[in-house]
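Asker:
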Amino acid sequence: MFAPGRPGYDGKTKDTLNNIESTGEFVVNIVSEDFAEQMVACATDFEPGINEFTISGLTQKTCIKISPPRVQEARISYECKLNQIVPVGNEGPGGGFVVIGTVVLFHINDEVYDNGRINLDKLNPVGRLAGHTFSQGQKIRLK
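According to our numbering, the sequence shown is numbered sequentially starting from 93.
1) Note down, in chain order, each residue of its chain lying with its Cβ closer than 6 Å to the Cβ of residue 127, except the 5 sequence neighbours on either side.
2) Looking at residue 160 and residue 115, is the spacing between their C-beta atoms short of 8 Å?
3) Tell me whether the stretch 120 to 139 and the stretch 166 to 175 touch, counting them as touching only if at least three CB pairs, one residue from each stretch, are closer than 8 Å.
4) Can you tell me the Cα-Cα spacing of residue 151 and residue 162, whole angstroms?
5) Leaving aside the five residues before and after residue 194 along the sequence, list all residues of the same chain whose C-beta is less than 7 Å from its C-beta, in chain order.
6) Going by other Cβ atoms of all chains shown within 10 Å of its Cβ, with 16 needed for buried, is residue 189 buried or exposed?
7) Spell out the partners DSSP gives residue 234 in its beta bridges.
8) In its own chain, which residues sit with a C-beta less than 8 Å from the C-beta of residue 231, not counting the 5 before and 5 after it?
9) May I ask you to list the residues that DSSP assigns as paired with residue 121?
10) How about residue 113 and residue 177: do their beta carbons lie closer than 8 Å?
11) At 3 residues or longer, what runs of the beta strand (DSSP E) sit wholly inside the stretch 105 to 160?
12) Please confirm whether any heavy atom of the ligand PLP lies closer than 7 Å to the CB of residue 196.
13) Tell me, please, which residues DSSP counts as bridged to residue 193.
Structural data, given as structure tokens:
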């Protein structure tokens with residue numbers, strides 16, 4: 093599940109959502125701090141047909157179960173089939189969608205996999221909040 097914005101800066105639906113609607117497939121790539129700036133480049137509103145891999149310098153990697161490519165630099169990627177797209181909020185700025193899918197295959201880089209678990213320190217994930225603002229959560233262990 094993830095939430096692409098609606099609409100893009102030009103008032104049109106973002107390519108990400110259009111591509112998911114047309115193919116019924118998508119990839120969720122977990123972004124690590126070391127390529128967060130390249131992720132921002134991919135999130136820019138480009139004209140249809142512009143290849144974000146070329147713009148960002150990230151590397152395309154062929155998926156196994158679905159057609160869209162994944163990001164090779166991502167230490168974790170989920171190949172997904174679309175279940176549902178749920179509109180949220182207004183049709184103008186601030187509104188968006190929740191995209192819900194089924195994970196059909198996941199990829200975990202060996203460097204972040206320790207003894208059957210994901211090592212969060214090695215993964216070093218970030219979340220994009222808006223624009224150039226990111227979050228890195230503090231790890232809290234509950235008893």
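Backbone N, C-alpha and C define an ideal beta-carbon position, used for all residues, glycine too.
Treat the numbers as computed from the prediction; the structure is a model and nothing was measured.
Answerer: In brief:
1) The residues are 165.
2) Contact: yes.
3) The stretch 120 to 139 and the stretch 166 to 175 touch, with no fewer than 3 CB-CB distances between them shorter than 8 Å.
4) Distance between the alpha carbons of residue 151 and residue 162: 8 Å.
5) Beyond the five residues adjoining it in sequence on each side, residue 194 comes within less than 7 Å, by CB distance, of 172, 173 and 175 in the same chain, given in chain order.
6) Around the beta carbon of residue 189, 16 or more other beta carbons lie within 10 angstroms, which makes this residue buried.
7) Among the bridge pairs identified by DSSP, residue 234 is matched with none.
8) The beta carbon of residue 231 sits closer than 8 Å to those of 212, all from its chain and outside the five residues before and after it, given in chain order.
9) Among the bridge pairs identified by DSSP, residue 121 is matched with 169.
10) Contact: yes.
11) As for any beta strand (DSSP E) of minimum length 3 sitting wholly inside the stretch 105 to 160, the runs are 117 to 122, ordered along the chain.
12) Ligands displayed in this structure: none; no statement on the ligand PLP is therefore possible.
13) Per DSSP, 174.
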